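J.: Structure provided below as structure tokens; questions to follow.
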Amino acid sequence: MGRFTKIVAGVFGMTLLLSGCAMDSLGDPVDASPEPGQENTLGTITAGVLTVCSEIPFEPFEYEDPADPEKYTGFDIDIVGEIATRLGLELVVVDSDFDALQSGLSLATDKCDLGASAMTITEDRRANIDFTDAYYDSLQSLLVAKDSGITSLDDLAGKSIGVQKGTTGEIYAEQNQPEGAQIVGYPSDGELWPALQAGQIQAILQDQPVNVIHARTDAAYVVVAEYQTDESYGMALAKDKNPELLAAVNGALAEMRADGTYKQIYDKYFA
Ligand code: ARG
Numbered sequence: 023m024g025r026f027t028k029i030v031a032g033v034f035g036m037t038l039l040l041s042g043c044a045m046d047s048l049g050d051p052v053d054a055s056p057e058p059g060q061e062n063t064l065g066t067i068t069a070g071v072l073t074v075c076s077e078i079p080f081e082p083f084e085y086e087d088p089a090d091p092e093k094y095t096g097f098d099i100d101i102v103g104e105i106a107t108r109l110g111l112e113l114v115v116v117d118s119d120f121d122a123l124q125s126g127l128s129l130a131t132d133k134c135d136l137g138a139s140a141m142t143i144t145e146d147r148r149a150n151i152d153f154t155d156a157y158y159d160s161l162q163s164l165l166v167a168k169d170s171g172i173t174s175l176d177d178l179a180g181k182s183i184g185v186q187k188g189t190t191g192e193i194y195a196e197q198n199q200p201e202g203a204q205i206v207g208y209p210s211d212g213e214l215w216p217a218l219q220a221g222q223i224q225a226i227l228q229d230q231p232v233n234v235i236h237a238r239t240d241a242a243y244v245v246v247a248e249y250q251t252d253e254s255y256g257m258a259l260a261k262d263k264n265p266e267l268l269a270a271v272n273g274a275l276a277e278m279r280a281d282g283t284y285k286q287i288y289d290k291y292f293a
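Numbering (the numbering used here), first residue to last: 23 to 293.
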């Protein structure tokens, strides 16, 4: 989608300003569009723009694509791009610190309208965040060097387990590590994966789809264990701040599920 989406979003935005109504690709009115004559009804931090925070890279959900004029791509980016289009907003993606995003801080301080960062919906996070409906189901996993002989967490006694700070993978590692293991936190998978490849850590415990991509990229690494943590990703909004935007995003998501757009995007990354 890339540039095309952005241009389409821009055109929708103009249409909204001029006529106060938008249509989807089938020519039906978009439910979530602003009322006639009212500007920025969805109360985004910048009128006409959906500013989305995401911690990048976390392939296949969000990662850099040198060929893409907008720089970022991935499952989450495509989903929010489509949501922005349906809401008549232009998408702007801001690469942000995951820990500050999952704590609710980046949202509370108006850095972005929405967090789309493969973020698991948890009760703890709900204290500071309003989550959209779930849009992806996930699990945890353990990635190690093929020749390491490590096949489970228990083999990591006396070794180090790398995690991304502030993630559910970090929590899982803390709760299930064997005695004598060391947990090393990194700000991003962008540091975590090179650290494993350089032998600075002996394993990465994180979301399974991301570890699977690493094992696919470099045959010297393998996912040896999966943990059924029953996680679901949601998009994040500042707590109790913008119920209209929350409802609009959920509405767009539901539409995308109903008309096959969600499945199309899903298949592009996971089929
Ligand atoms: N799903 C995990 C969590 O919510 C990890 C998410 C990390 N996302 C990212 N874009 N770096 O804690």
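Positions of the beta carbon are idealized from the N, C-alpha and C atoms, including for glycine.
Since the structure is predicted, the reported quantities are computational estimates derived from the model, not experimental observations.
(1) Relative to the C-alpha of LEU259, which candidate in THR73, VAL232 and ASP240 has its C-alpha closest?
(2) To the nearest angstrom, report how far apart ALA270 and GLY110 are at their CA atoms.
(3) Can you determine whether any heavy atom of the ligand ARG sits closer than 6 Å to the C-beta of GLU266, and answer yes or no?
(4) From ASN198 to LEU175, what distance separates their C-alpha atoms?
(5) Consult DSSP for PHE97 and reduce its assignment to one of helix, strand or coil.
(6) Straight-line CA distance for GLY212 to ALA237?
(7) Around the ligand ARG, which residues pass a check of Cβ closer than 7 Å to any of its heavy atoms?
(8) Looking at the secondary structure, which residues open and close the beta strand (DSSP E) in which LEU165 lies?
(9) Comparing the CB of ILE101 with every heavy atom of the ligand PLP, is any distance shorter than 6 Å?
(10) Among TYR243, VAL102, ILE143 and GLY202, which one has its Cα closest to the Cα of ILE287?
(11) Which two residues bound the contiguous beta strand (DSSP E) that contains GLN186?
(12) Taking DSSP's pairing of strands, which residues face ASP152 in a bridge?
(13) At a Cβ threshold of 7 Å, is LEU72 touching chain B?
(14) Rounded to whole angstroms, what's the CA-CA distance from GLN222 to PRO265? Just pull it up for me.
(15) Are at least three pairs of beta-carbons, each pair with one atom in the segment 182-201 and one in the segment 116-134, less than 8 Å apart?
(16) Roughly how many whole angstroms lie between the Cα atoms of TYR249 and GLY180?
(17) May I have the straight-line CA-CA distance separating ASP289 from ILE235, to the nearest angstrom?
(18) May I have the straight-line CA-CA distance separating ASP146 from ALA280, to the nearest angstrom?
(19) Going by Cα to Cα distance, which pick from GLY273, LYS93, PRO79 and ILE67 is closest to TYR208?
(20) Going by the beta-carbon positions, is the gap between ILE183 and ILE205 smaller than 7 Å?
(21) Are the beta-carbon atoms belonging to ILE67 and ASP117 less than 7 Å from one another?
(22) Rounded to whole angstroms, what's the CA-CA distance from LYS148 to LYS263? Just pull it up for me.
(23) Sorted by chain position, which residues of the same chain lie with C-beta nearer than 6 Å to VAL166's C-beta, five sequence neighbours on each side aside?
(24) Am I right that LEU164 and LEU227 are in contact with their C-beta atoms under 8 Å? What's the rounded C-beta distance?
(25) Which runs of the beta strand (DSSP E) spanning at least 3 residues fall entirely within the segment 79-140, listed in chain order?
(26) Grouping DSSP H, G and I as helix and E and B as strand, with all else coil, what is ALA247?
T.: Quick look at the numbers:
(1) Checked all of THR73, VAL232 and ASP240; the closest Cα to LEU259 is THR73.
(2) Approximately 11 Å, taken between the alpha carbons.
(3) No - the ligand ARG has no heavy atom lying nearer than 6 Å to the Cβ of GLU266.
(4) ASN198 and LEU175 have their C-alpha atoms spaced approximately 8 Å apart.
(5) In the three-state DSSP reduction, PHE97 falls in the helix class (H, G or I).
(6) Rounded to the nearest angstrom, the two C-alpha atoms are 15 Å apart.
(7) Taking each Cβ in turn, the ones that pass are SER76, GLU77, ILE78, PHE80, PHE83, GLU84, PHE120, GLN124, SER139, ALA140, MET141, THR142, SER160, GLN186, GLY188, THR189, THR190, GLY191, SER210, ASP211, GLN228, ASP229, GLU253 and TYR255.
(8) Start and end: 158-167.
(9) Among the ligands modelled here, namely the ligand ARG, the ligand PLP does not occur.
(10) Among TYR243, VAL102, ILE143 and GLY202, the Cα nearest to that of ILE287 is on VAL102.
(11) 182-186 is the span of the beta strand (DSSP E), which, as asked, contains GLN186.
(12) Answer is LEU259, bridged to ASP152.
(13) Reference to chain B is not applicable here, since this structure consists of a single protein chain.
(14) Cα-Cα distance, rounded: 45 Å.
(15) As far as the Cβ criterion goes, the segment 182-201 touches the segment 116-134, which means the pair count is three or higher.
(16) Their backbone Cα atoms lie some 21 Å apart in a straight line.
(17) In a straight line, the C-alpha of ASP289 is about 15 Å away from that of ILE235.
(18) So the two alpha carbons sit approximately 31 Å from each other.
(19) Of GLY273, LYS93, PRO79 and ILE67, the residue nearest in Cα terms is PRO79.
(20) It is a contact, given that the beta carbons lie within the stated cut-off.
(21) For ILE67 and ASP117, no; Cβs fall outside 7 Å.
(22) A quick correction: the sequence has Arg, not Lys, at residue 148. Cα-Cα distance, rounded: 13 Å.
(23) The residues are ILE172, ALA225 and VAL246.
(24) In this structure, LEU164 and LEU227 form a Cβ contact; the two beta carbons are roughly 6 Å apart against a cut-off of 8 Å.
(25) If we require 3 residues or more, the beta strand (DSSP E) runs fully inside the segment 79-140 come out as 112-117.
(26) In the structure shown, ALA247 sits in a strand (DSSP, three-state: E or B).
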